[in-house]
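Student: Take a look at this one; I'll ask things after.
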Amino acid sequence: MLNWQELEEKCQSCTACPLCETRHNVVFGVGDRNADVMFVGEGPGEQEDLKGEPFVGPAGQLLDDMLSIIDIDRTNCYIANIVKCRPPRNRDPQEPEQDACIGYLRNQFALIRPKVVVCLGRIAALRLISPDYRITREHGQWTQRSGIWFTALYHPSALLRDPSKRPETFDDLLSLREKLKELGLRS
Ligand code: SF4
């Protein structure tokens, strides 16, 4: 396991998959490195690639608004992605790209040791919860693995495209708040 400095330096200069060829910035992750809760998306979009930070732009603003409902912000959680470089035209990251990159996220898990991991969207849930995960049916449900609680929410971009999913996501956020209380991580 690398320490934070080693990990970030390695990630910033990574050429382990073809996404390095089109990126402007590696999007390593942001937030509290001692956080109890981590949010994991699929990969950077255009704004994230330009700024080097996950979840900026309209989807990031919506994520911030969602988290504020349950008193979470970027100072008391950690936010990262399955792949650290932007897939061209915002396509889904391909399996070999995920395979090449997932070690960085695993190292981040090992350093942070979160109690709760919230997948943002289908791709992260498929990778971290189950290879046959169905987000439309299973979002908001909880599963425990290696002492970590996992759940998934719709990706904020999906909520921007389809606002009819927002009430379900509101319920999932309340479930997250309850889980944090149950675990003694929030009052
Ligand atoms: Fe390396 Fe991950 Fe970027 Fe691929 S996506 S070049 S594995 S940091």
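958 is the number of the first residue of the sequence shown in this note's numbering; add one for each residue after it. Glycine is no exception: its CB is placed at the ideal position from the N, C-alpha and C atoms.
For residue 961, which of helix, strand or coil comes out of DSSP?
Tutor: If DSSP states are grouped into helix, strand and coil, residue 961 belongs with the helices.
Student: Is residue 964 near residue 1064, with beta carbons less than 7 angstroms apart?
Tutor: Contact flag set, yes.
Student: Answer yes or no: do residue 1000 and residue 1040 have a C-beta to C-beta separation smaller than 7 angstroms?
Tutor: A contact, by the Cβ cut-off of 7 angstroms.
Student: For residue 1040, verify whether its CB is less than 6 angstroms away from any heavy atom of the ligand SF4.
Tutor: Flag set: Cβ of residue 1040 near the ligand SF4.
Student: Could you spell out the range, first to last residue, of the beta strand (DSSP E) harbouring residue 1035?
Tutor: Residues 1035–1038.
Student: Report the three-state DSSP secondary structure of residue 1100 (helix, strand or coil).
Tutor: Looking at residue 1100 - three-state DSSP - the assignment turns out to be strand.
Student: Does the beta-carbon of residue 1006 have 16 or more other beta-carbons within 10 angstroms, so that it is buried, or is it exposed?
Tutor: Burial call: buried.
Student: State yes or no: is the C-beta of residue 1034 within less than 7 angstroms of the C-beta of residue 988?
Tutor: Yes. Within cutoff.
Student: Under 7 angstroms between the Cβ atoms of residue 1134 and residue 1027?
Tutor: Yes; because the gap between Cβ atoms is below 7 angstroms, this pair is in contact.
Student: Return the residue from the list 1011, 1070 and 1109 that minimises the CA-CA distance to residue 1094.
Tutor: Nearest of 1011, 1070 and 1109 to residue 1094, Cα basis: 1109.
Student: At a threshold of 6 angstroms, does residue 1037 count as lining the ligand SF4 (C-beta to nearest heavy atom)?
Tutor: No, since every heavy atom of the ligand SF4 falls outside the 6 angstroms radius drawn around the Cβ of residue 1037.
Student: Reducing DSSP to helix, strand and coil, say where residue 992 ends up.
Tutor: Looking at residue 992 - three-state DSSP - the assignment turns out to be coil, as it is neither helix nor strand.
Student: Buried or exposed, going by whether 16 or more other CB atoms sit within 10 Å of the CB of residue 996?
Tutor: That one is buried.
Student: Quick check: does the Cβ of residue 976 come within less than 6 angstroms of any heavy atom belonging to the ligand SF4?
Tutor: Indeed, a heavy atom of the ligand SF4 lies less than 6 angstroms from the Cβ.
Student: With a threshold of 7 angstroms on Cβ separation, who are the neighbours of residue 1011 within its own chain once the five nearest residues in sequence on each side are excluded?
Tutor: These residues qualify, in order along the chain: 984, 986, 987, 998, 1001, 1005, 1036, 1037 and 1038.
Student: If you follow the alpha helix (DSSP H) that residue 1058 is part of, which residue opens it and which one closes it?
Tutor: 1052–1069 is the span of the alpha helix (DSSP H), which, as asked, contains residue 1058.
Student: Within this structure, are the beta carbons of residue 1067 and residue 1076 separated by less than 7 angstroms?
Tutor: No. Outside cutoff.
Student: Select from 1016, 992 and 991 the residue whose C-alpha is nearest the C-alpha of residue 1003.
Tutor: Closest by alpha carbon: 1016.
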